[in-house]
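Be aware that the sequence shown starts at 1, since it is given in full-length UniProt numbering, and climbs by one per residue. Below is one structure, written out as structure tokens; the observations come after it.
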Amino acid sequence: GSQRYIVMRVSEAHQLKDGSHKKASDPDFGKTVKDLPRSVLLLLKNPTFIFLCLAGATEATLIAGMSTFGPKFLESQFSLSASEAATFFGYLVVPAGGGGTFLGGFLVNKFKLRCSGIIKLCLLCTVLSLLAILIFFIHCPNMPMAGVTQTYEGSALPGGHLNLTAACNSECGCLQETYSPVCGSDDVMYYSPCHAGCKKVSENLRNGKKVYHECSCVEKTLQPGPGDVEAGKCTSSCAKRPLLLFFMFVVILFTFLSSIPALTATLRCVSDRQRSFALGIQWIVVRTLGGIPGPIAFGSMIDKSCLLWQDQCGEQGSCYIYQNSAMSRYTLIAGLVYKVLGTTFFLVACLLYKPPPTESAPGSSDASENGNSDLQEHKPSLPNEEDI
């Protein structure tokens, strides 16, 4: 039962050169507050534990950043609404994240991996996700928007140079504070129905969206005269969408696949009596260096690609429109930085890990004999037949 498992279990804790790790094997170690400084010191002297914590922090940074700005990336690249992008991202991340987490634990159990093998599995997953993240080299083009990405006449506008006023809407008195994107019959987006020069409004009975008519800035495609616009963004027909979604799935899958093995390696590289304390220290490091600053770091990078900012009484608000090429570039840079760091930390943890001597491996005579003798000592004595 459990007693036999405890006796036969072999420690895989990292072996320190000065042998101080043996102090944690004392049955009385960790029972008083006086042992706290010594326990912290033992963990700080364990390089495998330290680099596993740092690797976990880099992975947590990437997960937190992508969780926060992943829907925003899909919204911009594929010209989706915020709700559509969030739903789409959920369909992507739930099977990839859940499946990766389950698969990581399954592989460790299936192949009976020891601590060094588990760290190598984490390293392999990080390298594969690093290669997959290079997909952000490609991007979907921005949908044309009059006054933002192009002029009302159709010529390109330099980034950051807005010109929302034209002869067709100069008499409408449009306000820049009112952002309500519409899609014209000419497949060009406009800042608002007012900026499209629209005069009448009706409702589309098929989808319930508002349709604006007699828009002087919009030209009809089949006949001359003012065109119509429909509330909402124009639909993107980007041919790169399946490729982007597939490799984003791969990145998320392998990022989560290493989570359970990394946790298992952390528990195995320290002594049994330090496992709970080590896990607590690791979560502090991961949250402090990864989970909390992750969205801030990603947000500051992605904000550099903003084309159109919200104007709230003269103060800058949220970003309305991103430049897709710059957004992909900055996402790639952030992803590469953290994935390279994670790969480096897992590699160093693997190289510095010093397992116990081979004679203490499972199945060895010493372990078996000690296990059997321990079991015999704890085995209750049975009455003889004569006594009965």
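Note that the Cβ used here is the ideal one computed from N, Cα and C, for glycine as well.
Next on the checklist: For residue 276, report the span of its alpha helix (DSSP H) as first-last.
Outcome noted: What you label residue 276 is simply residue 276 of the sequence shown in a count that begins at 1. From DSSP, the alpha helix (DSSP H) with residue 276 extends over 275 to 286.
Quick one: what's residue 202 bridged to in DSSP? Translated into positions along the sequence shown, residue 202 becomes position 202. 211, per the DSSP bridge assignment.
**Item:** Backbone CA spacing between residue 14 and residue 269 [nearest angstrom]
**Value:** Taking the sequence shown and counting its residues from 1, one reaches residue 14 at position 14. Taking the sequence shown and counting its residues from 1, one reaches residue 269 at position 269. Computed Cα separation, rounded: 5 Å.
Notebook entry, point to check: Taking DSSP as the reference, what is the three-state secondary structure of residue 292?
Noted result: For the purposes of this step, residue 292 is taken as the residue at position 292 of the sequence shown. Of the three classes helix, strand and coil, the one that applies to residue 292 here is coil, per DSSP.
Strand pairing of residue 146, partner residues [DSSP]: For the purposes of this step, residue 146 is taken as the residue at position 146 of the sequence shown. Per DSSP, 150.
Check whether residue 282 and residue 100 have beta carbons under 8 Å apart = Stepping through the sequence shown from its first residue, residue 282 is reached at position 282. Stepping through the sequence shown from its first residue, residue 100 is reached at position 100. Taking 8 Å as the Cβ cut-off, residue 282 and residue 100 do not qualify as a contacting pair.
Exercise. Could you spell out the range, first to last residue, of the beta strand (DSSP E) harbouring residue 318?
Key: In the sequence shown, the residue the question calls residue 318 occupies position 318. Residue range 315 to 322 is occupied by the beta strand (DSSP E) that includes residue 318.
- Message: Using 8 Å as the threshold, is the C-beta distance between residue 192 and residue 143 below it?
- Response: Position 192 of the sequence shown, counted from the start, is the residue given in the question as residue 192. Position 143 of the sequence shown, counted from the start, is the residue given in the question as residue 143. The Cβ atoms of residue 192 and residue 143 do not sit closer than 8 Å to each other.
Within a Cβ cutoff of 7 Å, which residues of the same chain sit near residue 177, ignoring the five residues on either side of it in sequence? What you label residue 177 is simply residue 177 of the sequence shown in a count that begins at 1. Once the five neighbours on either side are set aside, the close Cβ partners of residue 177 are 311.
Assuming contact is defined by CB atoms lying nearer than 8 Å, are residue 233 and residue 140 in contact in what I supplied?
Stepping through the sequence shown from its first residue, residue 233 is reached at position 233. Stepping through the sequence shown from its first residue, residue 140 is reached at position 140. No.
| request: Could you check if residue 274 is buried or exposed, using at least 16 other CB atoms within 10 Å of its CB as the buried criterion? | output: As a working mapping, residue 274 is identified with position 274 in the sequence shown. The residue is buried, with at least 16 neighbouring Cβ atoms inside 10 Å.
- Message: If the criterion is Cβ atoms closer than 8 Å, does the pair residue 260 and residue 108 meet it?
- Response: Taking the first residue of the sequence shown as 1, we reach residue 260 at position 260. Taking the first residue of the sequence shown as 1, we reach residue 108 at position 108. The Cβ atoms of residue 260 and residue 108 lie closer than 8 Å to each other.
Start and end residues, alpha helix (DSSP H) containing residue 37: For the purposes of this step, residue 37 is taken as the residue at position 37 of the sequence shown. Per DSSP, residue 37 belongs to the alpha helix (DSSP H) from 35 to 44.
Beta-carbon gap between residue 147 and residue 164 smaller than 8 Å
Residue mapping note: residue 147 aligns to position 147 of the sequence shown, counting from 1. Residue mapping note: residue 164 aligns to position 164 of the sequence shown, counting from 1. For residue 147 and residue 164, yes; Cβs fall inside 8 Å.
> Which first and last residues belong to the beta strand (DSSP E) in which residue 310 is found?
Replying inline: Locating residue 310 in the sequence shown gives position 310, where the first residue counts as 1. Its beta strand (DSSP E) spans residues 306 to 312.
Quick check on DSSP: helix, strand or coil for residue 186? The count along the sequence shown starts at 1 and reaches residue 186 at position 186. Three-state DSSP puts residue 186 in coil, outside helix and strand.
8 Å contact criterion, which residue 302 and residue 255 should meet: CB distance rounded: Position 302 of the sequence shown, counted from the start, is the residue given in the question as residue 302. Position 255 of the sequence shown, counted from the start, is the residue given in the question as residue 255. Residue 302 to residue 255, Cβ: 19 Å. No contact.
(message) My assumption, with CB atoms under 8 Å, is that residue 272 sits in contact with residue 11. Please give the rounded CB distance.
(response) Translated into the one-based positions of the sequence shown, residue 272 becomes position 272. Translated into the one-based positions of the sequence shown, residue 11 becomes position 11. With a Cβ gap of about 7 Å, residue 272 and residue 11 count as contacting.
Handout entry: C-alpha distance - residue 355 paired with residue 277, whole-angstrom precision
Key = Counted from its first residue, the sequence shown places residue 355 at position 355. Counted from its first residue, the sequence shown places residue 277 at position 277. Cα to Cα, the separation comes out at about 20 Å.
* Taking residue 97 as the reference, which of 112, 59 and 72 has the closest Cα? -> Indexing the sequence shown from 1 puts residue 97 at position 97. When each option's Cα is compared against that of residue 97, the closest is 59.
When you compare the CB of residue 225 with every CB in chain B, is at least one pair closer than 8 Å? Note that chain B does not occur in the displayed structure, where there is just one protein chain.
Beta-carbon spacing of residue 36, residue 349 below 8 Å: Counting from 1 along the sequence shown, the entry for residue 36 is found at position 36. Counting from 1 along the sequence shown, the entry for residue 349 is found at position 349. Taking 8 Å as the Cβ cut-off, residue 36 and residue 349 do not qualify as a contacting pair.
Nonlocal neighbours in the same chain, by C-beta distance under 8 Å from residue 123, ignoring five residues either side:
Mapped onto the sequence shown, residue 123 falls at position 123. Excluding residues within five positions, the ones whose Cβ falls inside 8 Å are 343, 346, 347 and 350.
- Task: With DSSP as the reference, label residue 197 as helix, strand or coil.
- Result: On the sequence shown, position 197 is the one that residue 197 refers to. Coil at residue 197, not helix or strand.
Measure the Cβ-Cβ separation of residue 263 and residue 133 and say whether it is below 8 Å. For the purposes of this step, residue 263 is taken as residue 263 along the sequence shown, with counting starting at 1. For the purposes of this step, residue 133 is taken as residue 133 along the sequence shown, with counting starting at 1. No, the pair does not count as a contact, with Cβ atoms beyond the cut-off.
Discussion item. Taking the alpha carbon of residue 170 as the reference point, which residue from 121, 284, 220 and 195 has its own alpha carbon closest?
Written reply: Counted from its first residue, the sequence shown places residue 170 at position 170. When only C-alpha atoms are compared, the closest one is 195.
Quick check: what's the CA-CA separation for residue 389 versus residue 190? The structure shown does not extend to residue 389, since the chain is modelled only from 1 through 388, so no value can be given for it.
| request: In angstroms with no decimal places, state the Cα-to-Cα distance between residue 413 and residue 75. | output: Because the chain is modelled from 1 through 388, residue 413 falls outside the range shown and cannot be assessed.
| task | Could you pull the start and end residues of the alpha helix (DSSP H) that residue 412 belongs to? | result | Given that the chain is displayed from residue 1 to residue 388, the structure contains no residue 412 and the question cannot be resolved.
With DSSP as the reference, label residue 299 as helix, strand or coil. Start at 1 with the first residue of the sequence shown, and residue 299 comes out as number 299. Three-state DSSP puts residue 299 in a helix.
### Query
Is residue 129 helix, strand or coil when you go by DSSP?
Translated into the one-based positions of the sequence shown, residue 129 becomes position 129. Three-state result, residue 129: helix.
Rounded C-alpha distance that separates residue 162 from residue 319: Translated into positions along the sequence shown, residue 162 becomes position 162. Translated into positions along the sequence shown, residue 319 becomes position 319. Taking the straight line joining both Cα atoms gives about 14 Å.
ask   = When you compare only the Cα positions, how much space is there between residue 121 and residue 131?
value = For the purposes of this step, residue 121 is taken as residue 121 along the sequence shown, with counting starting at 1. For the purposes of this step, residue 131 is taken as residue 131 along the sequence shown, with counting starting at 1. So the alpha carbons of these two residues sit roughly 16 Å apart.
Query raised in the report: At which residue ranges does the stretch 225 to 260 contain complete alpha helix (DSSP H) runs of 4 or more residues, listed in the order of the chain?
Result: 241 to 257
| field | Range of the contiguous alpha helix (DSSP H) that encloses residue 158 | value | Within the sequence shown, residue 158 is the residue found at index 158, counting from 1. That residue, residue 158, is in no alpha helix (DSSP H); it is neither H nor E in DSSP.
| said: Please report the distance separating the alpha-carbon of residue 91 from that of residue 258. | reply: Locating residue 91 in the sequence shown gives position 91, where the first residue counts as 1. Locating residue 258 in the sequence shown gives position 258, where the first residue counts as 1. The alpha-carbon atoms of residue 91 and residue 258 are separated by roughly 21 Å.
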